[in-house]
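Just so we're aligned, residue 73 is where the sequence shown starts under the numbering used here, counting upward by one.
Each remark here refers to the structure printed beneath this line.
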Amino acid sequence: MTEHPSIARFRAELDQRGGTGRVVVLPDSVHTAALAAEALGCEVGAIANSLLFAATTPAGESEPVLVLTSGAHRVDTEKVAGAIGVLALKRAKPEFVREHTGQVIGGVSPIAHPAPIRTFLDPALRAYEEIWAAAGHPTAVFSTTYDELLRMTGAQEIAVN
73 MTEHPSIARF RAELDQRGGT GRVVVLPDSV HTAALAAEAL GCEVGAIANS LLFAATTPAG
133 ESEPVLVLTS GAHRVDTEKV AGAIGVLALK RAKPEFVREH TGQVIGGVSP IAHPAPIRTF
193 LDPALRAYEE IWAAAGHPTA VFSTTYDELL RMTGAQEIAV N
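Rendered as structure tokens:
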């Protein structure tokens, strides 16, 4: 059985960026932090949700913004929008997510997108020795550390709630 192309692309990007974690393909979709935590036997806070937003820039344009947040948090979109200098953050529609990440909602990884995306990382994830994030497909996750995720993504740290 061959691996899904989006997982294979993710693995290649993970290797290229020097990622040391392992990729795990689960038997069922883990499109929520709670499902992922249950499947992996970890705390929901150790799940790094990759949330893509459509940000409205001061020029009135729409740009993708990726927020990597602890599964225990909800993103305060008004607070984050103000902190990153955009007028608004709206949850991205599935077509927007696929266009900018090459992946589907529920499987968006922090890396391996067609073009760079401005990325922000929730410092609450620092509390966990091992964190898990999507690996390009709703059934795939990978392990990493906070510092490694910060390095691989080039993210800016920002409190999200």
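Glycine included, every Cβ here is placed at the ideal spot set by N, Cα and C.
In this text, all values refer to a predicted model and were calculated from it rather than measured experimentally.
{"Item": "Would you kindly report the start and end of the unbroken beta strand (DSSP E) that includes Arg163?", "Value": "160-163"}
{"Item": "My output table needs one value for Ala144: the three-state DSSP class, helix, strand or coil.", "Value": "coil"}
{"Item": "Put Val102 into one of helix, strand or coil per three-state DSSP.", "Value": "coil"}
{"Item": "Measuring straight from C-alpha to C-alpha, what distance separates Cys114 and Ala131?", "Value": "42 Å"}
{"Item": "CA-CA distance, Gly157 and Thr173?", "Value": "22 Å"}
{"Item": "With which residues is Glu229 paired in a DSSP beta bridge?", "Value": "Leu193"}
{"Item": "Do Ala227 and Ser142 have their beta-carbon atoms positioned less than 8 Å apart in this structure?", "Value": "no"}
{"Item": "Confirm, please, whether the CB-CB distance from Ala120 to Pro182 is below 8 Å.", "Value": "yes"}
{"Item": "Residues in the same chain with beta-carbon distance under 6 Å from Val102, minus the five sequence neighbours each way, listed in chain order, please.", "Value": "Ala108, Ala111"}
{"Item": "Would the region 204-213 count as touching the region 80-88 if we require 3 or more Cβ pairs under 8 Å?", "Value": "yes"}
{"Item": "Go ahead and pull the three-state DSSP assignment for Ile119.", "Value": "strand"}
{"Item": "In this structure, how does DSSP classify Val139 when only helix, strand and coil are distinguished?", "Value": "strand"}
{"Item": "Going by the DSSP bridge assignment, what does Phe82 pair with across the sheet?", "Value": "None; Phe82 has no bridge partner."}
{"Item": "Any idea what DSSP makes of Thr128, helix, strand or coil?", "Value": "strand"}
{"Item": "With DSSP as the reference, identify every bridge partner of Phe214, one or two as the case may be.", "Value": "Val95, Ala205"}
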